[in-house]
Structures are given as structure tokens and as C-alpha cells.
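Going letter by letter, the sequence shown gives residues 764 to 1178 in this note's numbering. We treat Cβ as the ideally placed atom computed from N, Cα and C, and that holds for glycine. One structure below.
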Amino acid sequence: MRFADAAQVVFKAALIATIVSLAPAWQALAQDPEPPPEIAPPPEPDPTPTSFYILLGGGASLPADTDVSGGGVTTQVDAEWGAGGLAAFGVDFGDNVRTELEFAYRRSGIDKVGSGSSGAGDIGAYSAMGNIVFDFSNSTPFTPYGGVGLGAARIDYDEVSPIGGSRIDNGDTVLALQGIAGFSVQFSPAISLFTDYRYMAAGDPKLATDSGAKTDGAFTEHRFTLGLRWSFGGPPPKKKRAAEPFGLKGPVEQMGAPAPESARPMPEAPPPPRIAPPKPMPEAKTETKAEPPAPALPAFERVFFDWNKWNINAETQAKIDKVVSALQPATVIRIDATGHADKSGTAANNLIVSKRRAEAVKKELMRQGVPEDWIVIAWKGESEPLIETPDGQRQPENRRVDIVITGKPKGKAGS
């Protein structure tokens, strides 16, 4: 045999042996890997609830000491504590922001004029202000708030004397600003009691004495108010279809159940040429220790709340602790916390209460170390009760947050 012929035989034999040795790899490549679990998109968030309110209040008013000057007059007017009242119409956007149109009136008597003279007359002020107010929601019925306002004020001097040997009995309309700080207590979904402090500063009103002297004097006022806020309106409860399952599509591992193994049928490898295959190497024997079963992962928990409350009570705390402890060995995809309310209040206020319940659960989960991006909250108001009731009736089973956990414990099949 020539050298070229011998080299060709050796080359063909090596090629055939290579094809045989690669057959298992062809089989592995031909098998499609199991696709990863498909995650459904998160549900559309509910629209932010918007409601309206009317506010009525009254209290004490104290104008600051005023320097009146001009036209040869320089004196100080000191006012006494007086009374005032206000009414406002507002819009609550449901996201801790409110706007309102406020009308207020206050009147105080004159204590003294100048260094020691006993004064006479009154100072009154009408005002119309546009306010923006920020609520600082928390898990208690007490809601602090703060805000600012801009508008106009009519400052009236009513027979104030003695001013330069005469009196002032007229007024002027000027620009006004105010600051607001207070808190409210919710007694029902529609009624809240509020108390606050308002400081108003107005521009210098142009005044004149009966003798013709042209004067002016800035007007500032401290006012302490107690009143009621009545909320109403807002979107009616919507009848929605049952929500489609979210999270993993297909069977979800719950309570420690093993995931089913599914694989596509393995395609047959091309038959190797009929030659004597090389002697296979003996396979090393390895012992695999069975892993202990992973702890069960709960898929659902439900916590309840007191009437018109969203604070975490002892029973609710225990259930949230249970959820958090079960998450320790788990790889969680998402946690959905959906707030609900009964039908004892208006639809708009029940939507707000259900939102605050969901926020309280999220805050407690985060306090215990659950990552914020795991948690998705929603709020349904009174639209999805567990127990149907007439409108206006209380039902403890409907005041709840449903917690749904979508994920897989570590160490399970398919993880």
C-alpha cells in the first residue's frame, strides 16, 4: 500500500471516530431547553381617587400690632383677641394633595393706640384665598397637614381712634399670603375633625383719617381654627371582571409541591457508520445526596382591619410576620397587596381608605426587610367585597388586604 493510500485510510478512520464521539453532543443540542416561566405584565393600577369636600370652622383671631404712619401720623394700634370663621370648598386628589378655595372673616376690637391711650373701634378683614395643602398620611387616624395660600384681603378699620387726633373709618383691598399647619382626625369615611393654625400677611392698606391724613399700615394675623370637613363625590365603584392571574403563567408552585418535569421529545441522532466504535471509558460513579425539601412558600394571605382604620393591629402584625418568615428561603417574583373596604362610607372615601390599608401593609413589609421593588399595591375600595351588603352597612370581612405571593422556593425542581 502506498503511503498516500495509508494516510487516506487513517484520516477516514479518525473522521469516523470523531463523528461517533460527538453523537451524544448532537443529541443534547437537538433537544430544546425548557423555556423559562413567562411572567405576566403587572395589572393596570387603579386611577387615583378624587373626591370633593366642604370645610367649615371657627376660632380665635389675633391681629399683630400695627404701625400706622403717613400724613404726619405715626402711632401703633394694638388689637385684642377676636373671633373668626371660614368656609372652603376643596378637591382631594387622593394622593395626599388637596386644593381649596377659602373664604374667611375675622374681627377684633382695639385695645390701645399709641404708648398708653385706650383705643376704640374694630379691625375686620375679609379674605379669599386659593390654598394647596399636603397631607402626611400614616397608619393612624391622625393626619398632619401643611399648606400655603395666595389671595386677596379686604382690611376694614371701623371707627378706630384716636389716630392723630382723628379716627380711621375706611379700608382697602390688598394682596395676601398665608401659611397653614394642623392635623385632622377621621371619624368616618366622610367626616373629619380638623384643627389648625393659619398665619396671614397682607400688604399695606391705604387708609385715611376723617381729617384727611393719608396713612397705611401692614396687616398680619394669627388664627386658630377648629372645624369639620365633609367629603363627598368621587368615582362610583366599578364592577370589574375577575382579574386574570398574574405572575407565573401555568402551574405555580405552592405549599412545597414539586414542579412537574416537562420536556419535548428528544429527536433521534443520525445513525453512526457501522464501524467498531472506540472502547468507551468507564464512567466514574458519583453519589448524590438528596437535598432536603425546601420550606413551603405560601401563595396567599389575608389580613383584616378595624372599621375606618388602616393601622397594623396585633392580629395583622402576626400574619405579616408569617409572610415575611416564609419569604426567607424563597426566590420571590412579586408580592401583590390589594386593599379593600366595606360599604359604610362613600365610594370615594372607601377608595382612599383601601389605598391607605395597602400602603400600611407595604410599609410594614419593607420595615421587615422585603425589597420595595418586590411589592405592588392596588386598592379597590368597596367594589370587590367578600360578602355582599347593602350600601352603608359595615362588614368586618370586607375591610381587608389580600396578599398574593408569586414565586418559587429555592432548591425546587425547575429552579
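ARG930 sits close to SER924, with the two beta carbons spaced by under 8 Å. Within the same chain, Cβ atoms closer than 8 Å to the Cβ of PRO1153 are found at LYS1106, the five residues on either side in sequence being excluded.
Membership of LYS1118 in the alpha helix (DSSP H) is indicated by the continuous run 1110–1130. Apart from sequence neighbours up to five positions away, the residues of its chain that approach GLY1155 with a beta-carbon distance below 7 Å are LYS1106 and SER1107, ordered along the chain. Shortest Cα-Cα distance from SER951 to any of VAL854, ALA1100 and ASN1071 involves ASN1071.
The beta-carbon separation of ILE817 and PHE866, rounded to 12 Å, does not stay under the 8 Å limit for a contact. The beta-bridge partner set that DSSP reports for ASP919 consists of GLY887 and GLY934.
For ASP1084, the enclosing alpha helix (DSSP H) has its first and last residue at 1077–1090. Beta-bridge partners of VAL1167 (DSSP): PHE1063 and ASP1099. A residue is called buried once 16 or more other Cβ atoms fall within 10 Å of its Cβ, and GLY820 is buried on that count. If you look at THR829, you'll find it in the beta strand (DSSP E) that goes 829–833. Residue range 1138–1142 is occupied by the beta strand (DSSP E) that includes ILE1140. Sixteen is the threshold: when 16 or more other Cβ atoms of the shown chains lie within 10 Å of the Cβ of LYS1143, as they do, the residue is buried. Our two residues, GLY882 and ALA842, have alpha carbons roughly 9 Å apart in a direct line. Distance from the Cα of THR1079 is smallest, within the candidate group SER1088, SER832 and GLU1064, for GLU1064. Around the beta carbon of PHE995, fewer than 16 other beta carbons sit within 10 angstroms, so the residue counts as exposed. Residue range 814–826 is occupied by the beta strand (DSSP E) that includes PHE815. With fewer than 16 other Cβ atoms from the protein chains shown falling within 10 Å of its own Cβ, LEU913 counts as exposed. Here DSSP, grouped into helix, strand and coil, assigns GLU1147 to coil. Ranked by how close their Cα comes to the Cα of SER824, the residues ARG861, GLN949, ASN901 and THR983 have THR983 in first place. Cβ atoms of THR972 and VAL836 come within 8 Å of each other, at about 7 Å.
Just so you know, the alpha carbons of PRO904 and GLY848 end up roughly 25 Å apart.
Taking C-beta separations shorter than 6 Å and ignoring five residues to either side along the sequence, the partners of GLY822 in its chain run PHE987, THR988 and LEU989, following chain order. Within the model, the alpha-carbon separation for VAL948 versus LYS969 is close to 41 Å. In the structure shown, ASN1161 adopts helical secondary structure according to DSSP, grouped into three states.
Straight-line spacing of the CA atoms in ALA1077 and GLN1131 works out to 15 Å.
In this structure, DSSP gives GLU843 a state outside helix and strand, which the three-state scheme calls coil.
In the DSSP assignment, TRP1073 falls outside any beta strand (DSSP E) and carries neither an H nor an E. LYS1125 sits away from ILE1115, with the two beta carbons spaced by 8 Å or more. About 41 Å separates the beta carbon of ASP898 from that of ASN933, a gap too long to meet the 8 Å contact definition.
Within the same chain, SER902, VAL1116, ARG1119, ARG1120 and ALA1123 come within 7 Å of TRP1073 by CB-CB distance, once the 5 residues on both sides are set aside.
In this structure, the straight-line span from the alpha carbon of THR829 to that of GLN839 is close to 6 Å. In the DSSP assignment, VAL860 falls within the unbroken beta strand (DSSP E) covering 860–876. Within the model, the alpha-carbon separation for ALA1089 versus GLY1170 is close to 11 Å. Only buried fits ASP959, as 16 or more other CB atoms lie within 10 angstroms of its CB.
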